[in-house]
Amino acid sequence: MITGTPKPIEEILEMVEPYDNIIVAGCHGCVTVCRVGGQKEVEVLSSTLRLAREAADSSITIKELSLERQCDPEYVESMRPVVEDYQAVLSIACGAGIQFLAEKFPKTPLLPGINTGFLGVTERQGEWSERCQGCGDCVLHLTGGICPVTRCAKQLFHGPCGGSTGGICEVDKDTLCGWQLIIDRLKALDQMDNYGKLKPYKGWSASRDGGPRRIIREDMV
Amino acid sequence: MLPCTGRIEESLLLKAFENGADGVMVIGCLEGDCHYVSGNIRARARVKRVYDILETINIGAERIRMYNLSAGEGAKFAGYANEFVDQIEQLGPSPINERRSADSKPAPQEEKT
Amino acid sequence: MKSGSNLERVLEAGHFSVTAECGPPRGADPDHVRKKAALVKGNVDACNVTDNQTSVVRMSSIAGCMLVKESGVEPLLQMVVRDRNRIALQSDLLGASALGVRNLLCLSGDHQKFGDDPQAKNVFDIDSMQLIHLVKTMRDDGVFPSGDKLDGAPKFYIGCAVNPFADPYEIRVPRLKLKIEAGADFVQTQCIYNMDTFKRYMEDTKKQGLHENIKILAGVTPLKSAGMAKFMNKFVAGIDIPEDIIKRVGDEPKEKQAAKGIEICIEQIGELKEMEGIAGVHVMAIEWEEKLNEIIDGAGLLPRPVVENEVVSP
Chain A
-19 MITGTPKPIE EILEMVEPYD NIIVAGCHGC VTVCRVGGQK EVEVLSSTLR LAREAADSSI
41 TIKELSLERQ CDPEYVESMR PVVEDYQAVL SIACGAGIQF LAEKFPKTPL LPGINTGFLG
101 VTERQGEWSE RCQGCGDCVL HLTGGICPVT RCAKQLFHGP CGGSTGGICE VDKDTLCGWQ
161 LIIDRLKALD QMDNYGKLKP YKGWSASRDG GPRRIIREDM V
Chain B
1053 MLPCTGRIEE SLLLKAFENG ADGVMVIGCL EGDCHYVSGN IRARARVKRV YDILETINIG
1113 AERIRMYNLS AGEGAKFAGY ANEFVDQIEQ LGPSPINERR SADSKPAPQE EKT
Chain C
438 MKSGSNLERV LEAGHFSVTA ECGPPRGADP DHVRKKAALV KGNVDACNVT DNQTSVVRMS
498 SIAGCMLVKE SGVEPLLQMV VRDRNRIALQ SDLLGASALG VRNLLCLSGD HQKFGDDPQA
558 KNVFDIDSMQ LIHLVKTMRD DGVFPSGDKL DGAPKFYIGC AVNPFADPYE IRVPRLKLKI
618 EAGADFVQTQ CIYNMDTFKR YMEDTKKQGL HENIKILAGV TPLKSAGMAK FMNKFVAGID
678 IPEDIIKRVG DEPKEKQAAK GIEICIEQIG ELKEMEGIAG VHVMAIEWEE KLNEIIDGAG
738 LLPRPVVENE VVSP
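Residue numbers (our numbering), protein chains in the order written: chain A, -19 to 201; chain B, 1053 to 1165; chain C, 438 to 751.
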């Protein structure tokens, strides 16, 4: 899923300062799963903002809503009837959703209530970790199912570097060395000859370096 | 009706303050004795989250507190309740209630000699 | 001759070679490099100039190499892939070669979190293995990796680094093998204190005949004090200093520890000289360059040989 972390409340208060009535919009997709942008979080954030403003001798009116997803036009349309009644929308969906709302409602300021993080998995409740960088050219079949772009801090294709100690990356004692993981897995799968090959230079234009990407499925358009 | 403090969510606690509570007391089973295994542990984490929010928005973290006791400890319950009420009385009305009662006061005199 | 560099000539002629390291300054003062070059001169066959080591910003390695060269010492350009994409790497290589730099060490580079600018963008467009391959392609095939012909191929004696003390041990020799396949001509190892581990590494290397396909220069760093040893063991990744060495230094009174460190370093060089497969030594006397002469002379490696210039085919 796409993960994110809530923006500090002080930052959000500063963002909504010019407004007296706003929509707080959540999303039932990824951000609900990682507990940062779902209906529950919409309620907590809205209460927090109302209390904060009232304690500061002011007030704010908030419409709380949550869309099935903020990244599909059909679901976004469902909030069109209410949007014009409010001065701004504070969205706690991922950056894609926030931007989509901004596109669909160009006359309404769109405020991000979370910092979108990474494509990741749930290690256990309350802990999520990154797995994919969306590089556009997947090589997981060659690396035992472990991504060198995401899990190696240096994106090496012939790692590990000299900074790998006891399976830990030099960057952080809590970060596992991606290449140690790859080697362990290749050994377990008896695929160590994959290690001994010189890999071609990575084509980063398939990644964000080539510019914002799009996919067009001719059979669907 | 709450079967367990584990059912309590942050939004419920914050709503209490929005509805005019000066303080919120959360009472759960003794840790290790939860009828639903770990509901009281979850509650403690959620109470802490609200504690931090109240601190950040200047409502006052001390206005929320969690206590643990068993259903049979009547005297202790009374003791905790009195202690918490004293704590809230010392803190005074929540800033929310202060603002709201200020609004209903007559406007202050303009004349200043 | 691939590059015609002094280091290459000395190694090809079969001499036990010596290299050392020069860290450029944290500023634009060229004299800092000149002073170090003066201490290195006459003691080495080539001198490495580091490239923003540990991500700490310093004068560029190319500039440092030019200052070293002006002082009459042969430079060895260190190049990390952390900060430059393949366009900049190719460009810098062409520039360095044009300025007369003939030795190159291809490295990954320490992560930027260790330096002045942990917020900087990570490049790592290609890794050190691919950089070796890139340089070899330009040097030997006379073309850019894109395929276009070069208007003058760069001439480099291509080096890489290995760390026999990093984990996992079992990948270290296969990785050296890959580097040789990619095109490395010589290798400088991380500094050695644990001779047992290093001997094991050399045994495993020789089993695959790798020592015949690449010139291995063993790295050494003289210890200034027991404190320095303990610090390095604890905080520097991939360093392994056995207890008995720390004890030998530590048993000396504080003012005599440095001398003991140098003595141990000279002993190590002596031992490495006798090991099969070791073609030379890389002395990393970081911020202690004034001791280089004492160490290299003490190890019986002076004067440095002078090997006649061969014409390198264009």
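All C-beta atoms in this analysis are idealised placements derived from N, C-alpha and C, irrespective of residue type, glycine included. Owing to the predicted nature of the structure, the values given are computational and were not obtained by experimental measurement.
Asked	Found
Tell me which residue opens and which closes the alpha helix (DSSP H) that A:R131 is part of.	P128 to R131
Keeping to the same chain, check which residues put their C-beta closer than 6 Å to that of C:I715; ignore five residues upstream and five downstream.	I653, A655 and L709
Note down, one range per segment and in chain order, each alpha helix (DSSP H) of at least 4 residues found wholly within the segment 47 to 96 of chain A.	53 to 57, 60 to 63 and 75 to 84
So A:L81 and A:Q50 are in contact, right, with Cβ under 8 Å, and what is the actual spacing, rounded?	6 Å
Can you grab the Cα-Cα spacing for the pair C:R539 / C:P467, in whole Å?	21 Å
Take every Cβ of the segment 592 to 600 of chain C, pair it with every Cβ of the segment 621 to 628 of chain C, and state whether three or more of those distances are shorter than 8 Å.	yes
So, is the C-beta of B:L1066 closer than 8 Å to a C-beta in chain A?	yes
So if DSSP puts A:A5 in a beta bridge, which residue, or which two residues, is it bridged to?	A:L45 and A:S71
Is it right to say C:K644 is buried, meaning 16 or more other beta carbons lie within 10 angstroms of its own, or is it exposed?	exposed
B:I1060 touches chain A at which residues, Cβ-Cβ below 7 Å?	Chain A residues near B:I1060: none, gap ~12 Å exceeds 7 Å.
Quick one: give me the first and last residue of the alpha helix (DSSP H) that C:R609 is part of.	Y606 to A619
Since C:V398 is in the alpha helix (DSSP H), which residue starts that stretch and which ends it?	Outside the shown range of chain C (438 to 751) lies residue 398 of chain C, about which nothing can therefore be said.
Could you name the residues of the same chain whose beta carbon sits closer than 8 Å to that of A:V(-4), not counting the 5 residues immediately before and after it, in chain order?	I2, L29, I40, A68, L70 and L91
Are three or more beta carbon pairs between the segment 508 to 522 of chain C and the segment 471 to 480 of chain C nearer than 8 Å?	yes
Have a look at C:C543 and A:K167 and give me their C-alpha separation to the nearest angstrom.	28 Å
Using the beta-carbon of each residue, which ones in chain A are nearer than 7 Å to B:T1057?	Going along chain A, no residue has its Cβ under 7 Å from B:T1057, so there is no contact; the nearest lies around 17 Å.
Whose C-beta lies closer than 8 Å to the C-beta of B:V1078 among residues of the same chain, with five residues either side of it excluded?	T1057, I1060, L1065, A1095, V1099, I1116, R1117, M1118 and Y1119
Are the beta-carbon atoms of A:I94 and A:G17 separated by less than 8 Å?	yes
Compute the distance between the beta-carbons of C:P482 and C:N443, then report whether it is under 8 Å.	Checking the displayed sequence, the identity of residue 482 of chain C turns out to be Asp instead of Pro. In this structure, C:N443 lies closer than 8 Å to C:D482 by Cβ.
In whole angstroms, what separates the C-alpha of A:G6 from that of A:K87?	20 Å
Using a Cβ cut-off of 7 Å, which residues of the segment 18 to 42 of chain A contact any Cβ in chain B, in chain order?	K20, E23, V24, S27, T28, R30, L31, A32, E34, A35 and D37
Which residue comes first and which comes last in the beta strand (DSSP E) that contains C:F672?	Here C:F672 belongs to no beta strand (DSSP E); instead the alpha helix (DSSP H) covers A663 to F672.
Rounded to the nearest angstrom, what separates C:K472 and C:I723 at their Cα positions?	14 Å
Which ranges does the beta strand (DSSP E) cover as unbroken runs of at least 3 residues, wholly within the segment 1057 to 1131 of chain B, from first to last along the chain?	1076 to 1080 and 1116 to 1120
Compute the distance between the beta-carbons of A:T96 and A:I(-11), then report whether it is under 8 Å.	no
In or out: B:S1063 buried (at least 16 other Cβ within 10 Å) or exposed?	buried
DSSP beta-bridge partners for C:S454?	C:G717
Please classify C:E445: is it buried, with 16 or more other beta-carbons within 10 angstroms of its beta-carbon, or exposed?	buried
Within the same chain, show all residues whose beta-carbon is closer than 6 Å to that of C:S440, passing over the 5 residues directly before and after it, in chain order.	R539, K592, F593 and Y594
Around the C-beta of C:H469, are 16 or more other C-beta atoms found within 10 angstroms, so that it is buried, or is it exposed?	buried
For B:L1143, collect the residues of the same chain with a Cβ closer than 8 Å to its Cβ; drop the 5 residues on either side in sequence, then sort them by chain order.	D1074, G1075, G1112, E1114 and R1115
Just tell me which of A:G158, A:G146 and A:E150 has its CA closest to the CA of A:H138.	A:G158
Between A:D154 and C:H548, what straight-line distance do the alpha-carbon atoms span, to the nearest angstrom?	15 Å
Consider the Cβ of B:N1110: report whether some Cβ of chain A lies at a distance smaller than 8 Å.	yes
Taking all protein chains shown into account, decide if A:Q105 is buried (16 or more other Cβ within 10 angstroms of its Cβ) or exposed.	exposed
Look at the Cβ atom of C:T642, then the Cβ atom of C:L613, and state whether they are nearer than 8 Å.	yes
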